[in-house]
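Chemist:
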Amino acid sequence: MIYLLSDLHGTMNFRGLTDYMHMDGKDDLLIILGDVGLNFENTDENREFTQAFLSIEKPIAFIDGNHENFAYLDSFPTELWNGGSVHRLSEHIVHLKRGNVYRIEDKSFFTFGGCKSSAIWDERGLRYQGEEAGEEECALARKNLRLNGYRVDYILTHKYETDSCKTISQPLLWLTKWIEQQVDYDRWFSGHWHRNQTVDAKHQLVYDELMAVC
Ligand SMILES: [Fe+2]
Numbered sequence: 001m002i003y004l005l006s007d008l009h010g011t012m013n014f015r016g017l018t019d020y021m022h023m024d025g026k027d028d029l030l031i032i033l034g035d036v037g038l039n040f041e042n043t044d045e046n047r048e049f050t051q052a053f054l055s056i057e058k059p060i061a062f063i064d065g066n067h068e069n070f071a072y073l074d075s076f077p078t079e080l081w082n083g084g085s086v087h088r089l090s091e092h093i094v095h096l097k098r099g100n101v102y103r104i105e106d107k108s109f110f111t112f113g114g115c116k117s118s119a120i121w122d123e124r125g126l127r128y129q130g131e132e133a134g135e136e137e138c139a140l141a142r143k144n145l146r147l148n149g150y151r152v153d154y155i156l157t158h159k160y161e162t163d164s165c166k167t168i169s170q171p172l173l174w175l176t177k178w179i180e181q182q183v184d185y186d187r188w189f190s191g192h193w194h195r196n197q198t199v200d201a202k203h204q205l206v207y208d209e210l211m212a213v214c
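First residue of the sequence shown? That's 1 in my numbering, and the numbers climb one at a time after it.
What follows is the structure in structure tokens.
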């Protein structure tokens with residue numbers, strides 16, 4: 001089974017993560033939709049979280065959110081994993097990069113992390129370079145979706161960007177609109193808002209309730 005969660009923000013004491021750790025299905029995979037928060041703050045608490053998370057011995061893949069240390073994620077080696085490029089953080093944990101399509105359990109997953117943090121994070125000194133997608137990542141996304149015949153089973157993004165959001169990442173907004181126009185998909189899962197909510201038949205917000213995808 002493949003499960004989703006989002007927005008841990010540096011806590012191991014996270015309802016759905018605890019549930020996942022207690023499952024004994026050998027082929028399970030947890031995908032986290034960003035804002036994991038590894039090595040994000042210069043605090044003992046965050047260092048302990050980072051160590052504990054990287055010691056997890058069940059399979060986890062995650063996309064990045066806006067609250068990540070991107071230089072830290074980039075410091076891990078890149079490898080091919082289920083048809084796409086990842087950073088390998090540990091034997092069990094990989095970071096899914098923006099604009100890739102992965103084939104897992106016979107389903108295709110397009111992934112695109114990141115978004116723009118609101119201004120308050122500047123005051124806290126916690127805006128890391130790389131939170132917003134660059135043109136290269138958007139071009140890679142469009143290329144990989146084209147190579148997949150503009151069809152994937154699932155779309156996973158950290159944020160579902162819309163015109164009505166207060167803080168907008170323009171590249172993410174353009175890509176979101178382009179995908180909606182060009183790509184045939186079954187369901188679009190996103191995090192960021194800290195809500196477990198079914199928006200409509202195709203769009204789902206994910207937070208701390210473990211959600212089975214397939
Ligand atoms: Fe976020």
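By construction, the Cβ of each residue, glycine as well, lies at the ideal position given by its N, Cα and C atoms.
Residue ranges of each alpha helix (DSSP H) run of no fewer than 4 residues wholly in the region 117-154, ordered along the chain?
Modeler: Within the region 117-154, the complete alpha helix (DSSP H) runs of at least 4 residues are 120-123 and 135-147.
Chemist: How far does the beta strand (DSSP E) with Ile-32 in it extend, from its first residue to its last?
Modeler: Its beta strand (DSSP E) spans residues 29-32.
Chemist: Could you check if Cys-165 belongs to the surroundings of ligand 1, using beta carbon to heavy atom distance under 7 Å?
Modeler: Answer for Cys-165: no, Cβ out of range of ligand 1.
Chemist: Do three or more CB pairs link the region 33-43 to the region 5-14 at distances below 8 Å?
Modeler: These segments touch.
Chemist: I need the residues with a C-beta less than 7 Å from some heavy atom of ligand 1; please give them in chain order.
Modeler: In chain order, the hits are Asp-7, Gly-34, Asp-35, Gly-65, Asn-66, His-67, Cys-115, His-158, Lys-159, Gly-191 and His-192.
Chemist: If we call anything under 8 Å between Cβ atoms a contact, is Ser-108 one with Val-152?
Modeler: In this structure, Val-152 lies closer than 8 Å to Ser-108 by Cβ.
Chemist: Over the uninterrupted alpha helix (DSSP H) stretch that includes Glu-180, give me the two end residues.
Modeler: That run of the alpha helix (DSSP H) goes 170-182.
Chemist: Span of the beta strand (DSSP E) holding Gly-10?
Modeler: Note, Gly-10: premise wrong, no beta strand (DSSP E); not H, not E.
Chemist: For Asn-66, which of helix, strand or coil comes out of DSSP?
Modeler: Correct three-state label for Asn-66: coil.
Chemist: Please classify Asp-200 as buried or exposed, where buried requires at least 16 other C-beta atoms within 10 Å of its C-beta.
Modeler: Per the 10 Å Cβ criterion, exposed.
Chemist: For a quick check, are the C-beta atoms of Leu-210 and Ser-190 less than 8 Å apart?
Modeler: No, Cβ-Cβ distance for Leu-210 and Ser-190 is not below 8 Å.
Chemist: Is the region 68-76 in contact with the region 9-27, if contact means three or more CB pairs nearer than 8 Å?
Modeler: No contact exists between the region 68-76 and the region 9-27.
Chemist: Could you tell me how far apart the beta carbons of Leu-156 and Ile-63 are, in whole angstroms, since I believe they sit closer than 8 Å?
Modeler: Contact flag correct, Cβ pair sits at about 6 Å.
Chemist: Would you please verify whether the beta carbon of Gly-84 is less than 8 Å from any beta carbon of chain D?
Modeler: This model lacks chain D altogether, as it is built from one protein chain only.
Chemist: Is Ile-120 buried or exposed, if buried means 16 or more other CB atoms sit within 10 Å of its CB?
Modeler: Flag for Ile-120 reads exposed.
Chemist: Measure the C-alpha to C-alpha separation of Thr-162 and Trp-178 and round it to an integer number of angstroms.
Modeler: Each residue's alpha carbon lies about 12 Å from the other.
Chemist: Cβ atoms of Glu-48 and Leu-126: under 8 Å apart, would you say?
Modeler: The answer is no: Cβ separation not under 8 Å.
Chemist: Residue range of the alpha helix (DSSP H) that Thr-50 falls in?
Modeler: Its alpha helix (DSSP H) spans residues 44-54.
Chemist: Quick one: residues in its chain with C-beta nearer than 8 Å to the C-beta of Tyr-3, no 5 flanking neighbours on either side, listed in chain order?
Modeler: Contacts found: Gly-16, Tyr-20, Asp-28, Leu-29, Leu-30, Ile-31, Leu-210, Met-211, Ala-212 and Val-213.
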